[in-house]
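In what follows, a single structure is set out as structure tokens and then discussed.
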Amino acid sequence: MKVRPAMHRKTLCWFALLMVLDVAVWVLQKGAVQHAEAVGGSLAMALLKQPLAWFALLLAPLQLVLWMRVLARTELSLAYPATSISYPVTMLAAVLLYHEKLSACVWIGAILVTAGVWMLLAKSGAPAAGVSASGHDA
């Protein structure tokens, strides 16, 4: 049995693409809600008319496929906590695109979460990605 890192390079690429897509969807959802609220009336009805909301919805199947690819190669106990890597990226997007103001305490919290994820990924005892429980390539 060949020993590999807990997240194989290909899996990390799928995961990185998933995180970019996640942040993009959240940014699209925020934009859709802002435009819908500006229209007034029923939020649900206004969202139905928002192209940003539809675009975010259309990206959902791609998110699912990417997440399934990651899960096929990595344990859930490693993959799910690693998704918190998107927190600081989403926060940065919110500041840059929507001019949100975040306190130093919020940024420190994001740094701590990110540091925790890096520790989890670096020191994980999870089985090698691409190797099944029996030790054969998946």
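In our numbering, the protein residues as written are 193 to 330. Each residue gets a CB set at the ideal place from its N, CA and C atoms; glycine is no exception. Just so you know, these numbers come straight off a predicted model, no measurement behind them.
Following the DSSP letters along the chain, one finds residue 227 inside the alpha helix (DSSP H) bounded by residues 201 to 231. For the 8 Å CB-CB criterion, residue 280 and residue 302 form a contact. Its Cα nearest to that of residue 290, the residue 224 stands out among 258, 260, 224 and 305. Within its own chain, the residues whose Cβ lies closer than 7 Å to the Cβ of residue 219, once the five positions on either side in sequence are excluded, are 285 and 289, listed in chain order. Residue 278 has its alpha-carbon roughly 19 Å from the corresponding atom of residue 253. DSSP places residue 315 in the uninterrupted alpha helix (DSSP H) bounded by 296 to 315.
Minimum Cα-Cα distance from residue 309 among the listed residues 294, 283, 297 and 275 corresponds to 275.
With respect to residue 203, residue 257 sits apart: the two C-beta atoms are not nearer than 8 Å. In this structure, residue 255 and residue 213 form a Cβ contact; the two beta carbons are roughly 6 Å apart against a cut-off of 8 Å. By the criterion of a C-beta distance shorter than 7 Å, residue 259 is surrounded in its chain by 210, once the five residues flanking it on both sides are discounted.
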